[in-house]
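See structure below.
In the numbering used here, the protein residues as written are 13 to 179.
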C-alpha cells in the first residue's frame, strides 16, 4: 500500500498560483519577514483578525474578479430563468478558490463578489435604477455577492483542510 507523504503533490492548478500570489507567506497564512525587517513592522499592532488580513495584489484581484464574473455569468446562462443563480456562481467561484488554493483570499473575493453582483444587479434592474430606487437594490445585491463569495471561500478552505489533514 502506498504511504501518504507529508508534503502534498503539485497539481496543474497550483502551477498558476503564482498569479494569485500576494507575497511571501508562512504555512499558517501569515506574512514572512524579509531579511532586514523587524517583527514590529511585519505585523501591525491591533487585533489578531486585522493582522491576518492582507491587501491583495492587482493581478490577484483581477484574476479573482474574472473567476467570479465567469462563475456568475456561467450559472446564470445555464439556468436562465431562476433568480439568484448568479449568487450560486459567485459561491462556486469562492469555493473553488478556497478548495484549490492554500492562501486566504477573503478580502479580494468579498470585493470581487460585491462588485460583480452589484454591477449585475444594476444592469438587471436598469429601468428601476434610473427611477431612483436602484441604489438600495444594488447595495443589497453587492452585499449578497460579498457574503456568497466569502462563504464559498470559507467552505472551500474547510473542505481542503479536511481532506489534507492527517488522520
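Glycine included, each C-beta is placed from N, C-alpha and C at the ideal position. Computed from a prediction, not measured in an experiment: that's the story for all the values here.
Between the beta-carbon of residue i and the beta-carbon of residue j, is there less than 7 angstroms?
i: residue 72; j: residue 120; result: yes
i: residue 80; j: residue 126; result: no
i: residue 171; j: residue 111; result: yes
i: residue 150; j: residue 134; result: yes
i: residue 164; j: residue 106; result: yes
i: residue 130; j: residue 101; result: no
Taking C-alpha atoms, which residue in the options lies nearest to residue i?
i: residue 160; options: 99, 69 and 83; result: 99
i: residue 103; options: 173, 176 and 167; result: 167
i: residue 76; options: 122, 93 and 94; result: 122
i: residue 157; options: 69, 68, 114 and 118; result: 118
i: residue 136; options: 115, 90 and 85; result: 85
Taking its Cβ as the centre, do 16 or more other Cβ atoms sit within 10 Å of residue i, making it buried, or is it exposed?
i: residue 162; result: buried
i: residue 169; result: buried
i: residue 145; result: exposed
i: residue 87; result: buried
i: residue 174; result: exposed
Could you give the first and the last residue of the continuous alpha helix (DSSP H) run that contains residue i?
i: residue 143; result: Element bounds for residue 143: n/a, residue is neither H nor E.
i: residue 97; result: 97–112
i: residue 94; result: Looking at the DSSP string, residue 94 is not in any alpha helix (DSSP H), and its letter there is neither H nor E.
i: residue 134; result: 118–136
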